[in-house]
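One structure below.
Residue numbers (the numbering used here): 3 to 1028.
Here it is, written out as structure tokens:
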């Protein structure tokens, strides 16, 4: 328990220190080499600084760049706006962070003080310096010499000195390339060769663990020193900047005589530690290498690689013969703590061997701490002038202590050497704010000399001190001070008038009349409060109502009796606590929702909105359905109503239930509202024919019927309502002669033209009824058979014709020019009379010709032909029959796929123009014709029934609530042929009953009747011509 308490106290202490210090950090990223006056950031916006209007400021808001006297800052800060700009002193990353080659590690830091003291905070700004490609990679020298023995195997590799690029990342070295410039050939040993060694060498790049790229020369062909001993090429290095920078060097390869073995180091990686105070000449490391050759080929030469830094070359030396590394110049750990030395051992001709020596420079306490004083209050002649009215924690200067040593040698503490009313408050690492620790009193002390001491933790410790001079200015001070600058109160509503809220108190450091305080309400205080001038007791003179106003904020003044009087103010905040004195309130007493009948189960019906003027748990309202829970559910929190059933307007058109709202108060309050859900009709029922009751029925139409008379009627019903149940009738087939017309509203079929002989027989009309539903109309098709004749003497014959019609495609017209058996006998008699008459006339003409011999024989033949045409009873029928003989009879099949009906009836409003494709079912059965459910009377027949489609928008007093199904159903095409016979053929009897093979005496018998005619080809039918 003690450990936890200690940890908690430490955490609280640290939080208080950070809060009170007002320290803050802000990071920016800026590219190097930017021109002057480039905007980097805005502290006012980036720090989200907002001023409390209730806190008066002693001076305008100011941003002050805190820096050491004599320093040249690389950025400037606008004092009034906090905007940060670049200066004429451009930022050079390579100069600012020399020796740092790791990205995101180069920073430039400054401190900015936000003044005045009422809003003081110290902001440390860290600028991350982004590298730009402002340096080209360079080789250590313009000419690079490499020696390679002539017995070197193909694919052997030799190190090439790498280039150096101060830039980092992609701006650093990315690529090496071996250039082979074109030069004039030269003559050697009687032959011409190229001095550049085409295709003899290649170049490869290896990457070290540190990310460095080292080029390596690869031998690609066998070398022969006697034939060619020198190759000169160009090597190019390029960085990855945009645009890239590059440089070149001359690479000269010398082919040396055979040297079988190269030196071998005893150790390739060596790490040593050397104190930074080691004297010059101290041995760092002794390298050992051996060579298996003899004589001069075994003489080893040690030297540093040109890849080590210039600083390492300056600080260290190596004995070329012994390989001993010594200190050339004094070391300084603070300048560079680690040095990597690459040592090469060469026997004079072969590839040198490589060893790496890492020298760690250890720290000693050889640096005295430094004290850097940066004034926040500008000194005058080296002395800071400070008013005795300066508030507590007035910031005077920023003290920065530094020690270049490491570990304990570099850990610095900072303090003042004696008791003064000032203190050093830590803000950042090794940075302290010098501020006032107590109120200053000119009458007590007029001047302070503060000694600041910085001490490290080395053994022995090293100290440094600095002096600050502060003079106190006299002021007329000691105004009243409130014990609480912000007074927060919580009072339950419905209080009794005159209830005491709190006692406000303030103190005054003065004495006598100057310490007598009067309390006054500020001008912003509402009249509902009263403050006693002498005691400071705050009361509420009237009852508080949280629902009218739940919070009051006003100021109170404390004024002393001095001359002139001084005063102070404080802010009083009164929060009115809620009591459960309000019931939940629905936005409407009654809700009306309209939903489509195809709304899916659990789709959204509507939203019930309820409010409660109380707050907290007293306003937490829960909704529930009192009745109708089996049909609907409601979200208790959001008020969304969803159906628990599927709707069918034809079964039930509306639902009504009660919704109850209950709050969460200790003594709960509730209210109810009525909800009515109206089901809006959806066009989901196709029309059903009632008349005719069957596609196999027919009606007799007397030939004596006059045009305009009603020969029959069709009648259909639709279970939908409104426009979805409005029906329209039309003839879409079987009326090729335009003999009939239909009333689109009543379904009455009337005779349009006068009946002629060729019209006798059975007519089949394709009747379509469609509703006016939206978004898509539904329709049904039925067949109506009309038998044009005076009487029906043989009903079985007509039924047979109807049956045969069922075998004819719906799109094919039937019966053009065919007549009944009675009409057939009449035609035969007429033809016999005409034939006899023509015979008599012919005999007379022949006798006349023989006697007179005036008329050529061919004229008589021509006249006979003309006479034959004149007496033809129905020339049109003969032409039709001739055409029918040329076509095969349509197959009598029960399988129908798609029938195209083309009909053009201009100037006939009773017919629809059809030019399209009807989808016909494969089989038509007499199942639904006449099976209309009369138990449910269609709403079409209710003249007094309301049309809900006209009231789709909510009649609720709340704004119209649009309802959409949660799962949209894609529209479907509705085209139905109801109870259709299988054919739409207009059939009559055979051309002549005498041609039938039947031996029956019944002139209307159809047994084995072999008709010579065929089926008329369907096509465009024009207006009937008499």
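Built from N, CA and C at the ideal position, the CB exists for glycine as well.
Sequence-distant residues of its chain with Cβ nearer than 6 Å to residue i (five each side left out)
{"i": "residue 714", "result": "701, 751"}
{"i": "residue 966", "result": "At residue 966 the pLDDT is 39, less than 50, meaning the model places this residue with poor confidence; the figure from the coordinates comes in the next sentence. Around residue 966: no qualifying Cβ."}
{"i": "residue 294", "result": "263"}
{"i": "residue 99", "result": "108"}
{"i": "residue 789", "result": "700, 702, 764, 800"}
{"i": "residue 440", "result": "423"}
{"i": "residue 268", "result": "290"}
{"i": "residue 466", "result": "370, 371, 373, 456"}
Cα-Cα separation, residue i to residue j
{"i": "residue 207", "j": "residue 459", "result": "48 Å"}
{"i": "residue 472", "j": "residue 384", "result": "9 Å"}
{"i": "residue 579", "j": "residue 595", "result": "38 Å"}
{"i": "residue 542", "j": "residue 386", "result": "50 Å"}
{"i": "residue 753", "j": "residue 770", "result": "18 Å"}
{"i": "residue 597", "j": "residue 656", "result": "10 Å"}
{"i": "residue 944", "j": "residue 683", "result": "Here the model assigns residue 944 a pLDDT of 36, short of 50, so the residue's position is not dependable, and the following value carries that caveat. Cα to Cα, residue 944 sits roughly 15 Å from residue 683."}
{"i": "residue 606", "j": "residue 645", "result": "8 Å"}
{"i": "residue 797", "j": "residue 746", "result": "31 Å"}
{"i": "residue 412", "j": "residue 457", "result": "9 Å"}
{"i": "residue 676", "j": "residue 604", "result": "20 Å"}
{"i": "residue 469", "j": "residue 433", "result": "17 Å"}
{"i": "residue 450", "j": "residue 438", "result": "12 Å"}
{"i": "residue 35", "j": "residue 127", "result": "19 Å"}
{"i": "residue 343", "j": "residue 52", "result": "56 Å"}
Distance CB(residue i)-CB(residue j) smaller than 7 Å
{"i": "residue 421", "j": "residue 495", "result": "no"}
{"i": "residue 418", "j": "residue 378", "result": "no"}
{"i": "residue 255", "j": "residue 150", "result": "yes"}
{"i": "residue 265", "j": "residue 355", "result": "yes"}
{"i": "residue 165", "j": "residue 286", "result": "no"}
{"i": "residue 728", "j": "residue 774", "result": "yes"}
{"i": "residue 275", "j": "residue 157", "result": "no"}
{"i": "residue 173", "j": "residue 94", "result": "no"}
{"i": "residue 643", "j": "residue 633", "result": "no"}
{"i": "residue 333", "j": "residue 288", "result": "no"}
{"i": "residue 251", "j": "residue 272", "result": "no"}
{"i": "residue 504", "j": "residue 523", "result": "no"}
{"i": "residue 405", "j": "residue 365", "result": "no"}
{"i": "residue 317", "j": "residue 335", "result": "no"}
{"i": "residue 689", "j": "residue 782", "result": "yes"}
{"i": "residue 586", "j": "residue 673", "result": "yes"}
{"i": "residue 328", "j": "residue 319", "result": "yes"}
{"i": "residue 178", "j": "residue 217", "result": "yes"}
{"i": "residue 538", "j": "residue 489", "result": "no"}
{"i": "residue 678", "j": "residue 658", "result": "yes"}
{"i": "residue 180", "j": "residue 205", "result": "yes"}
{"i": "residue 154", "j": "residue 202", "result": "no"}
{"i": "residue 497", "j": "residue 427", "result": "no"}
Cβ shell of residue i (< 8 Å), same chain only, five flanking positions each side left out
{"i": "residue 303", "result": "322, 323, 347, 348, 349, 350"}
{"i": "residue 482", "result": "508, 509, 510, 519, 560, 561, 562, 568, 569, 570"}
{"i": "residue 711", "result": "752, 753"}
{"i": "residue 130", "result": "29, 30, 31, 32, 106, 108, 109"}
Neighbourhood of residue i by C-beta, 7 Å cutoff - its chain only, sequence neighbours within 5 removed
{"i": "residue 442", "result": "388, 390, 392, 423, 474"}
{"i": "residue 517", "result": "510, 562"}
{"i": "residue 615", "result": "549, 584"}
TODO: Count the CB pairs spanning the segment 108 to 117 and the segment 135 to 153 that are closer than 8 Å, and state whether there are at least three.
DONE: no
TODO: Tell me, please, whether the segment 568 to 579 touches the segment 619 to 627 by the rule of three or more beta-carbon pairs shorter than 8 Å.
DONE: no
- [ ] Let me know the alpha helix (DSSP H) ranges lying completely inside the segment 339 to 390, each 4 residues or longer, listed in chain order.
- [x] none
TODO: Would you check if the segment 73 to 85 and the segment 390 to 409 touch, i.e. whether three or more CB-CB distances between them fall below 8 Å?
DONE: no
TODO: Just list the beta strand (DSSP E) runs in the segment 81 to 125, keeping only unbroken ones of 3 residues or longer that don't cross its boundaries, in chain order.
DONE: 85 to 88, 109 to 117
Task: Completely contained alpha helix (DSSP H) runs for the segment 285 to 313, where each covers 4 or more residues - done: none
Open item on the list: Runs of 3 residues minimum, wholly inside the segment 388 to 467: which ones carry the beta strand (DSSP E) assignment?
Closed with: 397 to 404, 414 to 418, 424 to 430, 433 to 438, 449 to 458
Open item on the list: List, from N- to C-terminal side, the beta strand (DSSP E) runs of 3 residues or more that fit wholly inside the segment 744 to 822.
Closed with: Within the segment 744 to 822, the complete beta strand (DSSP E) segments of 3 residues or longer fall at 750 to 753, 763 to 773, 781 to 790, listed in chain order.
Task: Completely contained beta strand (DSSP E) runs for the segment 117 to 183, where each covers 3 or more residues - done: 123 to 132, 145 to 151, 159 to 161, 175 to 181
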